[in-house]
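Going by my numbering, the sequence shown opens with residue 1, and the numbers climb by one from there.
Here a beta-carbon is modelled for each residue, glycine too, at the ideal position from N, C-alpha and C.
Let me begin by presenting the structure, written as structure tokens, before commenting on it.
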Amino acid sequence: MQASTLLVRKRPVAVLLLFRRDEASMKSCLGEFGVDATGVMERIGQRTGVAVILVEEDSGQNRIMLSAEANATLSPSEFATELLPAAFVSQQSSTDVTQPDMVVLQLKIPLPTVLQILTTAHASNIPVPLNPAPAQPPPDKYYKFIDHLVINETEAMILSGCNAADLEVSGSRSTDGLERVAALFHARGVPHVFITLGRQGVYFSGPRAAGLVLAEKAKVVDTTAAGDTFVGAYALAAVQARHSGTELDVEQAVRAANKAAAKTVEKKGAQDSIHGLTSCGNRSPDVVER
């Protein structure tokens, strides 16, 4: 699985840690899904990380049991001064290796390493979306290095200390509780907060706008990779805006990411269920403004 995704020259490069004997099959699999795997890293003598996913047949909800394996060996020192580790750069066929446009982070690598990447990215003026899964609260001083925080309900409760009731949308579509939760993260220095709420939709809050994007109508088969799809689609929109020199339309980016995630839950599996942009349709969910 991905430890993080580095967007280099508008091209996603997955940085993976693999056990040597499965390197070829994993690279081939990634290539089939359009992922550039030329920068794949490996850890000799370490096993590839494993995620066992349990899916409830009736609801499509999932539970994930994770064994980090090689991912756990990624150390803070590899990112102390640069976001592209020397081992990664040495594997590139071209010497024209630039800094990434964006670093997408989860917590499937050690938390100290994540904190170092956040620090180095901030010093290099490179934006970071963080999806803190599996959930661990980072020290408060690091929140100001997170440009986009994407959390589900469980992660929101663990990181903020809020109650489940704070994340409920009332019959009148009131988002008062969600506003309070987002405000906690804004106070810590995060400019953009996104709380994915499953069937309730997605709440977003930023400097210019906030609102609830209602969930797309979908036949839920398997929720695996829905959050990853949301993060990937949103990150793509953010990078495209950065490259074009225009201000990111956050609401529109959330709409697009919401559509993509809705398509993902209609199919079983992780990689197999993620659709390309052209297949996400043009459905426009309602938005309830703050």
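Practice problem: Compare the C-alpha of Ile44 against each of Thr119, Gly31, Ala70 and name the closest. | Solution: Ala70
Exercise. Could you tell me the distance, in whole angstroms, from the CA atom of Leu178 to the CA atom of Asp166?
Key: 6 Å
Quiz item: Is there contact between the region 129-140 and the region 99-118, where contact requires at least three CB pairs shorter than 8 Å?
Solution: yes
Quiz item: Where DSSP assigns a beta bridge to Val181, which residues make up the other side?
Solution: Per DSSP, none; premise fails for Val181.
Quiz item: How many whole angstroms separate the CB atoms of Gly201 and Leu212, which I take to be in contact at a CB cut-off of 8 Å?
Solution: 6 Å
Self-check item: Of the residues Ser77, Ser174, Ile195, the one placed nearest Ala182, counting alpha carbons only
Solution: Ile195
Quiz prompt | Selected residue, minimal CA-CA separation from Tyr234, among Val150, Ile126, Gln116 | solution = Val150
Practice problem: Could you tell me which of Leu84, His192, Thr73 sits nearest to Leu130, measuring between CA atoms? | Solution: His192
Practice problem: If I'm right that Ala237 touches Ala253 with Cβ under 8 Å, what's the distance once you round it to whole angstroms? | Solution: 4 Å
Practice problem: Between the Cα of Asp101 and those of Cys29, Arg242, Leu115, spot the shortest distance and give me the residue it belongs to. | Solution: Arg242
Self-check item: Cβ neighbour criterion (16 or more within 10 Å) applied to Ser28
Solution: exposed
Quiz prompt | Proximal residues to Thr120 (C-beta, below 8 Å), its chain only, five neighbours per side dropped | solution = Phe79, Ala80, Thr81, Glu82, Leu83
Quiz prompt | Exposure label - Ala156; buried when at least 16 CB within 10 Å | solution = buried
Exercise. Put Val254 into one of helix, strand or coil per three-state DSSP.
Key: helix
Exercise. Determine the contact status of Leu115 and Tyr143, defining contact as a CB-CB distance below 7 Å.
Key: Result no, Cβ atoms of Leu115 and Tyr143 do not sit closer than 7 Å.
Quiz item: Does the separation of the CB atoms of Asp291 and Pro132 fall below 7 Å?
Solution: Beyond the ends of the chain as shown, which are 1 and 290, falls residue 291; an answer cannot be given.
Quiz prompt | Endpoints, the alpha helix (DSSP H) within which Val193 is located | solution = Taken as a continuous stretch (DSSP letters only), Val193 belongs to no alpha helix (DSSP H), being part of the beta strand (DSSP E) at 192-196.
Exercise. Within the same chain, show all residues whose beta-carbon is closer than 8 Å to that of Ala164, passing over the 5 residues directly before and after it, in chain order.
Key: Glu153, Met157
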